Amino acid sequence: MDSWKNLSAQAAQDTHQRFGQRLLGIPGTWIGLPYSRQHRLRDGSMLSDINGISHPLREWNYWWQAHYLDAIIDDGLRYLGDGQREQAKRELRRANELLRGIRFRNFGVYPNYFFDDMAWLALASQRLVSFSRQLEGRSAPQAKQAILTLRKQLAGAIDDVLDGGMYWSRKRDFKNAPANAPAALFFARNGERELSRGLLSWLRLKLFNTERGLYVDGLRLIATGHKVEEAVYTYNQGPVLGALLELGTDEDLEHASILIHASQRFLTDSSGALAMNGGGDGNLFAGILSRYLALAANDIRLDDSTRAVASKMIVDTARSIVDQEPRRLSAAVQRWMIFNSAGACSEGASTE
Numbered sequence: 047m048d049s050w051k052n053l054s055a056q057a058a059q060d061t062h063q064r065f066g067q068r069l070l071g072i073p074g075t076w077i078g079l080p081y082s083r084q085h086r087l088r089d090g091s092m093l094s095d096i097n098g099i100s101h102p103l104r105e106w107n108y109w110w111q112a113h114y115l116d117a118i119i120d121d122g123l124r125y126l127g128d129g130q131r132e133q134a135k136r137e138l139r140r141a142n143e144l145l146r147g148i149r150f151r152n153f154g155v156y157p158n159y160f161f162d163d164m165a166w167l168a169l170a171s172q173r174l175v176s177f178s179r180q181l182e183g184r185s186a187p188q189a190k191q192a193i194l195t196l197r198k199q200l201a202g203a204i205d206d207v208l209d210g211g212m213y214w215s216r217k218r219d220f221k222n223a224p225a226n227a228p229a230a231l232f233f234a235r236n237g238e239r240e241l242s243r244g245l246l247s248w249l250r251l252k253l254f255n256t257e258r259g260l261y262v263d264g265l266r267l268i269a270t271g272h273k274v275e276e277a278v279y280t281y282n283q284g285p286v287l288g289a290l291l292e293l294g295t296d297e298d299l300e301h302a303s304i305l306i307h308a309s310q311r312f313l314t315d316s317s318g319a320l321a322m323n324g325g326g327d328g329n330l331f332a333g334i335l336s337r338y339l340a341l342a343a344n345d346i347r348l349d350d351s352t353r354a355v356a357s358k359m360i361v362d363t364a365r366s367i368v369d370q371e372p373r374r375l376s377a378a379v380q381r382w383m384i385f386n387s388a389g390a391c392s393e394g395a396s397t398e
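Each residue of the sequence shown is one higher than the one before, starting from 47 at the first, in our numbering.
What follows is the structure in structure tokens.
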């Protein structure tokens, strides 16, 4: 088998070739198509395209694009770490073009209806600024603007209803882990530790299942009060883990360890691989947890056994998807993220 680094590089190339293109052919933009060209041709669904160019009214998956952006930055950092500066510059250019494409496709603005979507793009924009500084010694202006704009949206979605926490959408009837967890990580990385801590505390108080050691989905407001949505998803554990590592107190690290061991116990199959939810959005879930497990696997503040568990989950998951042929952008990006995370564990690469 090729090394995980090589498989990650192959997955990146495959994703760009099969799913990526300029938005409406506009120079200086990039966007991910929801379905691969090969499968659109095979399924006869090219009728929804105009001469093979992505139509502006096609299916729009804002948060898939945010994870596509994150994966491009992974690639750029890998090239930079290997001393391949020209290749790193190519990925920095592609990342900036994708962020521009996201804004254009989102009717010229960064905000959208869902606060979890915005949190993911805010996180990717933070990493784009960091990558640009490392490579070129300067920030990425549009990424900085995205951060400022999205930060305001996220902060405005927090109130005292249900004792705190952030809403999932502008409907403001659901507070859940998919919004609060990535927002907590964003605020932690933004230096706003108090805001981050408040969201993490709310998550721990309201959504942490102590019997399983994992976070359930959310609290939905209803006429009689609220209803707990008990579903447990892999991806919700990931950004909580990332925020715990970012804040990094002894208590945070202890809780991170609990989360990692619980994920292995309850969220893996008989082969040790993370459960694959499947479907459109679900195609990203295991990849998101893998990204943050890779941070844990390389964090020397955690004990060796916990780091080994985190690494094993990623590598076992990567082995389970080597022969996949992703038909959707979400699945292609997930496959790429998992291979990159496996490489980060086995070769000591950074996913920061």
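For every residue, glycine included, the Cβ atom is placed at its ideal position computed from N, Cα and C.
Values in this document were obtained by computation on a predicted structure and should not be read as measured data.
Shorter than 9 Å from the beta carbon of Val355 to some beta carbon of chain D? Of the protein chains in this structure there is only one, and it is not chain D.
Please determine, among Asp48, Pro73 and Tyr81, the residue with the shortest C-alpha to C-alpha distance to His62. Ranking Asp48, Pro73 and Tyr81 by Cα distance to His62 puts Tyr81 first.
Between which two residues does the beta strand (DSSP E) harbouring Gly264 extend? For Gly264, the enclosing beta strand (DSSP E) has its first and last residue at Gly264 to Ile268.
Ignoring anything shorter than 3 residues or poking outside the segment 160-238, list the beta strand (DSSP E) runs there in chain order. 220-222
Can you look up Gln59 in the DSSP assignment and give me helix, strand or coil? helix
Using a Cβ-Cβ cutoff of less than 6 Å, which residues in the same chain neighbour Val361 once the five nearest sequence positions on both sides are dropped? Excluding the 5 residues flanking it on each side, Val361 has same chain C-beta neighbours closer than 6 Å at Ala388, in chain order.
Answer with buried or exposed for Asn226, where buried requires no fewer than 16 other C-beta atoms within 10 angstroms of its C-beta. By the C-beta density criterion, Asn226 is buried, having at least 16 other C-beta atoms within 10 angstroms.
Could you give the residue range of the beta strand (DSSP E) that holds Val274? Gly271 to Glu275
At a cut of 8 Å, does the segment 103-113 reach the segment 177-184 through at least three beta carbon pairs? no
Beta-carbon gap between Pro228 and Ala168 smaller than 9 Å: Their beta carbons are under 9 Å apart, which means Pro228 touches Ala168 by this criterion.
Looking at the strands, I want to know which residues DSSP matches up with Ile77. Gln67
In chain order, which continuous runs of the alpha helix (DSSP H) of length 4 or greater are located wholly inside the segment 279-342? 280-293 and 296-312
Thr352 lies in the alpha helix (DSSP H); which residues open and close that run? Asp350 to Ser366
Distance, Cα to Cα, Arg373 vs Thr195? 33 Å
Three-state secondary structure (DSSP) of Asn386: DSSP places Asn386 within a helical segment (H, G or I) once states are collapsed to three.
Please name the residue, chosen from Pro285, Arg235, Gly78 and Asp209, that lies closest to Lys42 on a Cα-to-Cα basis. Past the edges of the chain, shown from 47 to 398, lies residue 42, and the structure says nothing about it.
For Phe150, the residue or residues it bridges with in DSSP: None, per the DSSP bridge assignment.
Inspect the beta-carbon positions of Val355 and Gln283 and report whether they are closer than 9 Å. No.
Measuring alpha carbon to alpha carbon, tell me which residue in Phe331, Ala377, Ala170 and Ala203 is nearest Phe232. Ala170
What's the C-alpha gap between Ala165 and Leu200? Distance between the alpha carbons of Ala165 and Leu200 is about 7 Å.
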